[in-house]
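Counting from 1140, one number per residue, gives the positions in the sequence shown under the numbering used here. Glycine included, C-beta positions come from ideal geometry on N, C-alpha and C. If you're wondering where the values come from, they're calculated on a predicted model, not measured in any experiment.
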Amino acid sequence: MLTIKTNYSLKAHNSFGLDVKARYFVEYETAEDLAEFLSSSGTLELSNFGTLELFHIGSGSDLLFTKDFDGYILHSAVKGIEKLDEREGRVLLRVGAAENWDEFVAWTIAHGYYGLENLSLIPSEVGAAAVQNIGAYGAEAKDFIVSVDCVDMHTGQPVRHTNGECGFSYRRSNYKEQWCGQFAITHVIFSLPTEFEPNIRYKGLSDLPTDGLTAQDVRNKVIELRRSKLPEPSQLGNAGSFFLNPIITAEHFDSLLQQYPDIPHYPAAGNTLSSMVKVSAAWLIEKAGWKGRSLGRAGVYHNQPLVLVNLGGATPDEIVALAAAIVKDVEQMFGIALKPEVIYLE
Ligand code: EPU
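And the structure:
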């Protein structure tokens, strides 16, 4: 089924809770419905499709609408979890893009499929998890994705991309960058181990007792950690980490280390061989004096300065102004240009 709404408020579709409107909001339940919409058949509303902008959203938890959207916002309503195969200690699952991420994680643990427990409680949908290559507590979605099923938005044809073709890296995929706007994800295919192997190297998890540890224990701990640090979007609008942790050259890092010996840092590619260094954006923002501060109705969260929040009734401009002020100060102090993790919709 295809549903089209006009002059539609996106407040419930962006976790910042910004009251922006889309000229059209289009929801589809199957790849065929989407192809039908794209070929503009049968719907008089679509007669001017092609001259209007089109953007596909997921859960809206990594988006910043900077103004009303004068075009088509597409949203998937493709649901379902299908078991394709199970053998040699792994299960293959094909999951609809609109499935709620955390409900899917809970479902996998309940069915004896593991690996996603470290990614518990991330506000996302399954399709968006692939676009963003969501990550937390030492795990990334890309490590469990085998392939991604899409509809080519230019032809309406189904396409399958292998993991390698998706160009996954830290919070990034080709869907977010060079393919932006070209493909709509309908399903993600995951391969998960059927034996639980704890991944608890990340600080905060490493003190869990290993004896008799279950995936549910890890999930509970991750949920506890997230709740202690991150605001709940339904209570305080936010898009999780607003900025990426910046990756800088070893030379730049060495010069910063002279002045700031306590700067938190990690090898950029998750391995000690990389010459690039990832530094903590939260720390940079705190040192630049922004932790807990606000500009208008946009604020920097008191527990995790990487998270910008809507203090209530903020406009897009207020969030944009706060982010710009932080970027300017961090750049001035450390010579580091913070890059947003959220996608700005201009
Ligand atoms: N820190 C401060 N001040 C603070 C909070 C943190 O200086 O008030 C410093 C501390 O040194 C701390 C370090 O920042 O050790 C890292 O903090 P944290 O463990 O919270 O992780 P993060 O690097 O700030 C990243 C992800 C989060 C993810 C956590 C846990 C990015 C951009 N963010 O945050 O992802 O949940 O690690 O794995 O990589 C998201 O992407 O939306 C998100 C929330």
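Taking residue i as the reference, which of the options has the closest Cα?
| i | options | result |
| --- | --- | --- |
| Ala1476 | Ser1394, Tyr1483, Tyr1252, Ile1465 | Ile1465 |
| Val1165 | Ala1268, Tyr1211, Ala1174, Leu1149 | Tyr1211 |
| Phe1322 | Asp1468, Phe1473, His1214, Val1459 | His1214 |
| Ala1408 | Ala1389, Tyr1399, Pro1400 | Ala1389 |
| Met1415 | Lys1430, Ile1387, Pro1403, Val1439 | Ile1387 |
| Leu1232 | Ser1330, Gln1398, Leu1375 | Ser1330 |
| Tyr1131 | Pro1262, Thr1333, Tyr1276, Ala1462 | Absent from the structure is residue 1131, since the part of the chain shown begins at 1140 and ends at 1485. |
| Tyr1405 | Tyr1341, Gly1431, Glu1316 | Tyr1341 |
| Glu1334 | Asn1153, Ile1220, Asn1239, Tyr1252 | Tyr1252 |
| Glu1171 | Glu1221, Asp1288, Asn1153, Thr1301 | Asp1288 |
| Pro1337 | Asp1356, Ile1328, Val1327 | Asp1356 |
| Pro1372 | Ile1328, Thr1301, Tyr1440 | Tyr1440 |
Just the Cα atoms here: how many angstroms apart are residue i and residue j?
| i | j | result |
| --- | --- | --- |
| Pro1479 | Phe1204 | 13 Å |
| Phe1382 | Arg1358 | 25 Å |
| Leu1223 | Ser1286 | 13 Å |
| Gly1379 | Glu1457 | 17 Å |
| Val1159 | Ser1394 | 43 Å |
| Phe1243 | Lys1281 | 16 Å |
| Ala1151 | Asp1201 | 13 Å |
| Gly1452 | Gly1199 | 17 Å |
| Gly1181 | Glu1175 | Note on Gly1181: pLDDT 36, under 50, position unreliable in the model; the coordinate value appears next. Gly1181 and Glu1175: Cα-Cα distance of roughly 8 Å. |
| Glu1363 | Asn1146 | 39 Å |
| Tyr1309 | Phe1194 | 23 Å |
| Gly1474 | Arg1365 | 30 Å |
| Thr1169 | Lys1218 | 9 Å |
| Lys1368 | Leu1423 | 17 Å |
| Asn1187 | Asn1384 | Only weak support is given to the placement of Asn1187: the predicted model assigns it a pLDDT of 46, under 50, and the question is left unresolved by the model. |
| Cys1319 | Pro1297 | 17 Å |
| Arg1436 | Phe1155 | 12 Å |
| Phe1307 | Ala1427 | 31 Å |
| Val1446 | Trp1429 | 11 Å |
| Pro1455 | Leu1157 | 7 Å |
| Gln1374 | Glu1227 | 44 Å |
| Pro1332 | Glu1225 | 10 Å |
| Ser1259 | Asp1468 | 33 Å |
| Pro1262 | Tyr1276 | 15 Å |
| Met1140 | Leu1177 | 14 Å |
| Gly1431 | Ala1460 | 16 Å |
| Met1472 | Lys1315 | 30 Å |
| Phe1392 | Gly1438 | 28 Å |
| Glu1485 | Leu1434 | 21 Å |
| Asn1239 | Gly1274 | 16 Å |
| Glu1221 | Asp1346 | 35 Å |
| Arg1299 | Val1327 | 10 Å |
| Cys1305 | Gly1343 | 31 Å |
| Leu1149 | Leu1173 | 20 Å |
| Leu1396 | Pro1403 | 10 Å |
| Ala1161 | Asn1153 | 12 Å |
| Tyr1399 | Val1481 | 28 Å |
| Ile1339 | Ala1216 | 34 Å |
| Asn1241 | Asp1401 | Sequence check: residue 1241 is Asp here, not Asn. Going by the C-alpha atoms only, they are around 34 Å apart. |
| Gln1317 | Thr1301 | 16 Å |
Inspect the beta-carbon positions of residue i and residue j and report whether they are closer than 9 Å.
| i | j | result |
| --- | --- | --- |
| Ala1236 | Thr1142 | no |
| Asp1207 | Glu1192 | no |
| Val1361 | Ser1312 | no |
| Val1234 | Val1265 | yes |
| Ala1267 | Gly1197 | yes |
| Phe1283 | Gly1254 | yes |
| Asn1377 | Asn1449 | yes |
| Asn1442 | Pro1370 | yes |
| Lys1144 | Tyr1167 | no |
| Glu1470 | Pro1444 | no |
Does residue i come within less than 9 Å of chain B when only Cβ atoms are used?
| i | result |
| --- | --- |
| Asp1350 | Here there is only one protein chain, and chain B is not present. |
Between residue i and ligand 2, is there a pair consisting of the residue's CB and a ligand heavy atom that are separated by less than 8 Å?
| i | result |
| --- | --- |
| Asp1346 | Ligands present in the displayed structure are limited to ligand 1, and ligand 2 is not among them. |
Task: Complete alpha helix (DSSP H) runs within the stretch 1168-1232 (minimum length 4 residues, chain order) - done: Taken in chain order, the unbroken stretches of alpha helix (DSSP H) that lie wholly in the stretch 1168-1232 and span 4 residues or more are 1170-1177.
- [ ] Please determine if the stretch 1246-1254 and the stretch 1291-1298 are in contact, where contact requires at least 3 C-beta pairs separated by less than 8 Å.
- [x] Because the criterion of three Cβ pairs below 8 Å is not met, the stretch 1246-1254 and the stretch 1291-1298 do not touch.
TODO: Assess, as a yes-or-no matter, whether the stretch 1415-1432 is touched by the stretch 1342-1352 under the definition of 3 or more beta carbon pairs within less than 8 Å.
DONE: No, because fewer than three Cβ pairs between the stretch 1342-1352 and the stretch 1415-1432 fall closer than 8 Å, the two stretches do not touch.
TODO: Only counting runs of 4 or more residues, tell me where the alpha helix (DSSP H) segments fall wholly within the stretch 1369-1445, in order along the chain.
DONE: The qualifying runs are 1389-1398, 1420-1426.
Task: Inside the stretch 1245-1308 only - beta strand (DSSP E) runs reaching at least 3 residues - done: Listed in chain order, they are 1284-1291, 1297-1301.
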